[in-house]
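Novice: Handing you a structure now.
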Amino acid sequence: MQAAPELKQGIIADTHAHIGIGLSSPEHVFLKSVGPEGQILGYILLRNAWNLSDLFIDPKAQGRGLGKALFFAALSHVQARDHRGYIRVNSSLNAEAFYRKLGFESFTIDKPYPNYVVPLIHYL
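Going by the working numbering, the sequence shown opens with residue 1, and the numbers climb by one from there.
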């Protein structure tokens, strides 16, 4: 199902803002996968090295293991520095199975989340 045009524009604006945030501080881990012509195929942003804020793969590049490769590359950066011992993500419903394959699991939270958000944690 396709998102409404105004929702897509909001997501694109948020993505641009998050990339700027990722590049703004050494506390963040920002990695990207670039194609042969220099196009960005995907990227990951871990804010403060524990909050998986974004992991996007171009739909044309999905199914090639890029998301998994970006996650484990980011995990290497996190493990090489002083860290909290976990990475958290507020997954969308359609990405939950992907994160669980990477080793994320459910955990109890103090505040309610919308029905379309699945809080998950990956212990290091």
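Quick reminder that beta carbons are idealized off the backbone N, C-alpha and C, glycines included. All of these numbers come straight from a predicted model, not from anything done at the bench.
Hey, L55 and H28: beta-carbon distance below 8 Å or not?
Specialist: Cβ distance not < 8 Å, so L55 and H28 don't count as in contact.
Novice: Between L102 and K68, what straight-line distance do the alpha-carbon atoms span, to the nearest angstrom?
Specialist: Those two C-alpha atoms are separated by around 7 Å.
Novice: L93 to H16, Cα distance in whole Å?
Specialist: In a straight line, the C-alpha of L93 is about 22 Å away from that of H16.
Novice: So, for A61: in the same chain, excluding its five sequence neighbours on each side, which residues have a beta-carbon less than 8 Å away from its beta-carbon?
Specialist: S33, G35, L41, G42, listed in sequence order.
Novice: Please report the distance separating the alpha-carbon of H83 from that of P59.
Specialist: Using only the alpha carbons, I get a separation of about 31 Å.
Novice: Within the continuous alpha helix (DSSP H) that includes R47, where are the two ends?
Specialist: Run containing R47: none in the alpha helix (DSSP H); it sits in the beta strand (DSSP E), 40-47.
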